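The structure appears below as structure tokens.
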Amino acid sequence: MTFNPESTSGVLHRPARGAAINAFEEMASRFDEAARLLKLDAGLCKVLREPIKEVKVAIPVIMDDGRIELFIGYRVHHNIARGPAKGGIRYDPGVSLDEVRALASWMTWKCAVMNIPFGGGKGGVICDPRKLSRGELERITRRYTAELMDVLGPEKDVPAPDVGTDSQTMAWLMDTYSMHMRHTVTSIVTGKPISIGGSRGRVEATGRGVMIAGREAGKAHGVSLEGARVAVQGFGNVGSISAKMFFLQGAKVIAVSDVSGAIQNTAGLDVPALLEYVAKTKTVVGFPASTPLDASDLLTIDCDILVPAALENQITAENARDIRAKIIVEGANGPTTSDADEVLQKKGVIVIPDILANGGGVTVSYFEWVQDRMGFFWREQEVNERLEEMMVQSFGDVRDMAAANGVSYRIAAYMVAIQRVAYDMQMRGLYA
Ligand code: NAD
Numbered sequence: 054m055t056f057n058p059e060s061t062s063g064v065l066h067r068p069a070r071g072a073a074i075n076a077f078e079e080m081a082s083r084f085d086e087a088a089r090l091l092k093l094d095a096g097l098c099k100v101l102r103e104p105i106k107e108v109k110v111a112i113p114v115i116m117d118d119g120r121i122e123l124f125i126g127y128r129v130h131h132n133i134a135r136g137p138a139k140g141g142i143r144y145d146p147g148v149s150l151d152e153v154r155a156l157a158s159w160m161t162w163k164c165a166v167m168n169i170p171f172g173g174g175k176g177g178v179i180c181d182p183r184k185l186s187r188g189e190l191e192r193i194t195r196r197y198t199a200e201l202m203d204v205l206g207p208e209k210d211v212p213a214p215d216v217g218t219d220s221q222t223m224a225w226l227m228d229t230y231s232m233h234m235r236h237t238v239t240s241i242v243t244g245k246p247i248s249i250g251g252s253r254g255r256v257e258a259t260g261r262g263v264m265i266a267g268r269e270a271g272k273a274h275g276v277s278l279e280g281a282r283v284a285v286q287g288f289g290n291v292g293s294i295s296a297k298m299f300f301l302q303g304a305k306v307i308a309v310s311d312v313s314g315a316i317q318n319t320a321g322l323d324v325p326a327l328l329e330y331v332a333k334t335k336t337v338v339g340f341p342a343s344t345p346l347d348a349s350d351l352l353t354i355d356c357d358i359l360v361p362a363a364l365e366n367q368i369t370a371e372n373a374r375d376i377r378a379k380i381i382v383e384g385a386n387g388p389t390t391s392d393a394d395e396v397l398q399k400k401g402v403i404v405i406p407d408i409l410a411n412g413g414g415v416t417v418s419y420f421e422w423v424q425d426r427m428g429f430f431w432r433e434q435e436v437n438e439r440l441e442e443m444m445v446q447s448f449g450d451v452r453d454m455a456a457a458n459g460v461s462y463r464i465a466a467y468m469v470a471i472q473r474v475a476y477d478m479q480m481r482g483l484y485a
């Protein structure tokens, strides 16, 4: 280990993603509208809008070359009225406290829309995982976990993977927490490898849920998945599995993208072959039997279903004007700005919002937590059947709320969620 007084972590000074569009304000504008329509008590409104706990941690790490580097991490609890804070951990250079706040809030609403007994939380570390070695990532994860020992817990706060983290990250987190507790605590985290307490079907759950949401939206709005043209932005966990699930339903996945670029094939991409190609090359770019596509054109390509599955604020008032999809199914959290929502609504584009469309992931995380606490693990078919049932139920709840109030699916989803959390908070009463 060497001490270098010149050493500064470049990532600390990088501008946060979407600095011009504040993700938390984007969430709050939808919350305010739904709360107004529900005629929610003004005091309760204040309480439900604000995260209840925000923790910042400094994470010193010895890098592979012996330097000490300092990373900054966050963990935010938005609301825990219905159960432990639940939400992923993001490793990305664009992480900011406002982004983590927004993501934590979306988790509260998502868990309530899916009607699972969790509150909302989220975490993040400002770092670029693609530029870090496996050892450096492990040390960041372990120190981040150790700093949060008082915050985390199977009954308090249960993390999961998000952008830049995966089942290996969760295994390190589970091990660190367990070492501090002096016994193995599998239910501290979800999205773990199956052999150490993970659930069958968890890796596929978000993408499977996106497909189910798209299928149900298609039924309601005259688009059959058989032969439907689908475009997917982002080809990580959510994007790649969504593409696979749509492909398996007979849809034609005509374009996909990742951070390196985009590809298309109007006759439909061979998704299983593409998955094998990406496993080897780490990018969709250069896939045989496809032609390159300008990444910015992916969102406006002529298709039936568009799945943004990358990051926030991708669909803006500017590009929304040119969107030709009939249905947008939000695999990512917060991919559409509130200004874009207005444009899309005027154009008659159906938007299935994040807090419903990608709720399959947290639903199977809930199943994983339940299985860990029981110490009894379910067959994959059982997981998938329960997920199917809960996605269809939640889609129906939101569709009925939208129809009853003449509002978009997004505002209806917030109304369903806020109503559930507000009711439970009122039942519990205010401890003062
Ligand atoms: P991931 O890290 O596995 O994949 C992210 C993908 O997005 C990668 O393919 C990356 O190359 C791509 N990407 C990044 N910037 C891009 C850009 N500008 N244009 C096109 N592609 C870009 O992450 P993930 O777990 O798939 O998460 C994706 C989104 O889904 C996030 O918004 C996340 O919060 C949300 N989400 C994830 C889960 C889950 O279970 N993993 C659940 C619910 C919601």
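In our numbering, the protein residues as written are 54 to 485. Every residue, glycine too, gets a C-beta built ideally from N, C-alpha and C. All values reported here derive from a predicted model rather than from experimental measurement.
> Do you know whose CA, among ILE115, ALA87 and VAL108, lies nearest ARG102's CA?
Replying inline: Here residue 102 refers to the residue found at position 49 when the sequence shown is read from its first residue. Minimum Cα distance to ARG102 is reached at ALA87.
> To which residues of the same chain is ARG135 closer than 6 Å at the C-beta, ignoring the five residues directly before and after it?
Replying inline: Residue 135 sits at position 82 when you count from the first residue of the sequence shown. Excluding positions up to five away in sequence, the list reads PRO170, GLY172 and ASP477.
>> Would you say the beta carbon of ASN90 is closer than 6 Å to some non-hydrogen atom of ligand 1?
In response: Sequence index remark: in the sequence shown, residue 90 carries index 37 (1-based). The residue asked about is misnamed: residue 90 is Leu in this sequence, not Asn. No.
> Would HIS130 be called buried (16 or more neighbouring beta carbons within 10 Å of its own) or exposed?
Replying inline: Mapped onto the sequence shown, residue 130 falls at position 77. With 16 or more Cβ atoms within 10 Å of its Cβ, HIS130 is classed as buried.
> Would ASP151 pass as a contact of ASN75 if the rule is Cβ separation under 7 Å?
Replying inline: Translated into positions along the sequence shown, residue 151 becomes position 98. Translated into positions along the sequence shown, residue 75 becomes position 22. Contact: yes.
>> Buried or exposed, going by whether 16 or more other CB atoms sit within 10 Å of the CB of PHE429?
In response: For this step, residue 429 is matched to residue 376 along the sequence shown. Exposed.
>> Let's see if you can read the secondary structure: which residues bound the beta strand (DSSP E) around ASP311?
In response: As a position in the sequence shown, residue 311 is number 258, starting the count at 1. That run of the beta strand (DSSP E) goes 305 to 311.
>> Using only CA atoms, which one of ARG282, SER295 and PRO345 lies nearest to GLY321?
In response: Locating residue 321 in the sequence shown gives position 268, counting from the first residue. Cα-wise, what sits closest to GLY321 is ARG282.
> Out of curiosity, what's the CA-to-CA distance linking ARG196 and LYS92?
Replying inline: Translated into positions along the sequence shown, residue 196 becomes position 143. Translated into positions along the sequence shown, residue 92 becomes position 39. Taking the straight line from one Cα to the other gives about 44 Å.
>> Please report the straight-line C-alpha distance between ILE193 and THR416, rounded to a whole angstrom.
In response: Taking the sequence shown and counting its residues from 1, the one referred to as residue 193 is at position 140. Taking the sequence shown and counting its residues from 1, the one referred to as residue 416 is at position 363. Cα to Cα, the separation comes out at about 27 Å.
>> Mapping the DSSP letters down to three states, classify MET468 as helix, strand or coil.
In response: Here residue 468 corresponds to residue number 415 of the sequence shown, with the count starting at 1. Of the three classes helix, strand and coil, the one that applies to MET468 here is helix, per DSSP.
> Looking only at DSSP bridge pairs, what is GLY206 linked to?
Replying inline: Walking along the sequence shown from the start, residue 206 turns up at place 153. Paired residues: ASP210.
> Helix, strand or coil: how does DSSP classify PRO325 here?
Replying inline: Position 272 of the sequence shown holds residue 325. Looking at PRO325 - three-state DSSP - the assignment turns out to be helix.
>> Assess contact between the segment 246 to 253 and the segment 397 to 410, defined as three or more Cβ pairs (one per stretch) separated by less than 8 Å. Is contact present?
In response: no
>> With H, G and I counted as helix, E and B as strand and the rest as coil, what does DSSP make of PRO58?
In response: Taking the sequence shown and counting its residues from 1, the one referred to as residue 58 is at position 5. Here PRO58 scores only 37 on pLDDT, less than 50, and its place in the model should not be relied on; the value that follows carries that caveat. DSSP places PRO58 in coil when its eight states are reduced to three.
>> Going by beta-carbon coordinates alone, are GLU421 and THR161 separated by less than 7 Å?
In response: Taking the first residue of the sequence shown as position 1, residue 421 is located at position 368. Taking the first residue of the sequence shown as position 1, residue 161 is located at position 108. Cβ distance not < 7 Å, so GLU421 and THR161 don't count as in contact.
> Of the choices GLU383, ARG120 and GLU189, whose alpha-carbon is the least far from that of LEU364?
Replying inline: As a first step, residue 364 must be located in the sequence shown, where it is residue number 311. Answer by Cα proximity: GLU383.
>> Does GLY254 pass the burial test, meaning 16 or more other C-beta atoms within 10 Å, or should it be called exposed?
In response: Locating residue 254 in the sequence shown gives position 201, counting from the first residue. Classification for GLY254: buried.
> When we look at the beta-carbon of GLY482 and count the other beta-carbons within 10 Å, is it buried (16 or more) or exposed?
Replying inline: Residue mapping note: residue 482 aligns to position 429 of the sequence shown, counting from 1. Label assigned to GLY482: exposed.
> Can you give the beta carbon distance from ILE112 to VAL178, rounded, assuming they're within the 8 Å contact cut?
Replying inline: Your numbering for residue 112 matches position 59 in the sequence shown. Your numbering for residue 178 matches position 125 in the sequence shown. Right, their Cβ atoms sit about 7 Å apart.
> Among PHE300, ALA304 and LEU351, which one has its Cα closest to the Cα of LEU328?
Replying inline: Sequence index remark: in the sequence shown, residue 328 carries index 275 (1-based). When each option's Cα is compared against that of LEU328, the closest is PHE300.
> For SER82, which residues from the same chain have a beta carbon less than 7 Å from its beta carbon, with the 5 sequence-adjacent residues on both sides left out?
Replying inline: On the sequence shown, residue 82 is found 29 positions in, with the first residue counted as 1. Taken in chain order, the residues that qualify are SER391.
>> With H, G and I counted as helix, E and B as strand and the rest as coil, what does DSSP make of LYS175?
In response: Translated into the one-based positions of the sequence shown, residue 175 becomes position 122. Strand, per DSSP.
> With ASP215 and ARG143 assumed to form a contact (beta carbons below 8 Å), what rounded beta-carbon distance in angstroms separates them?
Replying inline: Residue mapping note: residue 215 aligns to position 162 of the sequence shown, counting from 1. Residue mapping note: residue 143 aligns to position 90 of the sequence shown, counting from 1. That belief holds up - the Cβ atoms of ASP215 and ARG143 are roughly 4 Å apart, short of 8 Å.
> What is the DSSP secondary structure of LYS163, counted as helix, strand or coil?
Replying inline: Looking up residue 163 in the sequence shown gives position 110. In the structure shown, LYS163 sits in a helix (DSSP, three-state: H, G or I).
> Taking the alpha carbon of ASN386 as the point to measure from, which residue in VAL460, GLU371 and LEU156 has its own alpha carbon closest?
Replying inline: Within the sequence shown, residue 386 is the residue found at index 333, counting from 1. Per the Cα distances, LEU156.
> Does DSSP put LEU483 in a helix, a strand or coil?
Replying inline: Here residue 483 refers to the residue found at position 430 when the sequence shown is read from its first residue. The answer is coil: DSSP assigns LEU483 none of H, G, I, E or B.
> Taking C-beta to C-beta, are ALA21 and VAL312 nearer than 7 Å?
Replying inline: Past the edges of the chain, shown from 54 to 485, lies residue 21, and the structure says nothing about it.
>> Considering only heavy atoms of ligand 1, does any lie closer than 6 Å to the CB of GLN302?
In response: Numbered from 1 along the sequence shown, position 249 holds the residue referred to as residue 302. No - ligand 1 has no heavy atom lying nearer than 6 Å to the Cβ of GLN302.
> So is the beta-carbon of THR334 under 6 Å away from any non-hydrogen atom of ligand 1?
Replying inline: The residue labelled residue 334 in the question sits at position 281 within the sequence shown. For ligand 1, not one heavy atom lies less than 6 Å from the Cβ of THR334.
> Does the separation of the CB atoms of ALA266 and ARG473 fall below 7 Å?
Replying inline: Mapped onto the sequence shown, residue 266 falls at position 213. Mapped onto the sequence shown, residue 473 falls at position 420. Their beta carbons are not under 7 Å apart, which means ALA266 does not touch ARG473 by this criterion.
>> Just to be sure I understand the criterion: a residue counts if its Cβ is closer than 6 Å to at least one heavy atom of ligand 1. Which residues meet that?
In response: PRO214, ASP215, VAL216, GLY217, THR259, GLN286, GLY287, PHE288, GLY289, ASN290, VAL291, GLY292, SER310, ASP311, VAL312, ALA348, ALA362, ALA363, LEU364, GLY384, ALA385, ASN386, ASN411 and GLY414
> If you draw a straight line from the alpha carbon of ALA470 to that of GLY275, how long is it in whole angstroms?
Replying inline: Here residue 470 is taken as the residue at index 417 of the sequence shown, counted from 1. Here residue 275 is taken as the residue at index 222 of the sequence shown, counted from 1. Roughly 27 Å separates the two Cα atoms.
> Cβ atoms of THR259 and VAL291: under 7 Å apart, would you say?
Replying inline: Here residue 291 refers to the residue found at position 238 when the sequence shown is read from its first residue. Here residue 259 refers to the residue found at position 206 when the sequence shown is read from its first residue. Yes, the pair counts as a contact, with Cβ atoms nearer than the cut-off.
> Name the DSSP beta bridge partners of ASP145, please?
Replying inline: Looking up residue 145 in the sequence shown gives position 92. Answer is ILE179, bridged to ASP145.
>> So for VAL114, helix, strand or coil by DSSP?
In response: Numbered from 1 along the sequence shown, position 61 holds the residue referred to as residue 114. Looking at VAL114 - three-state DSSP - the assignment turns out to be strand.
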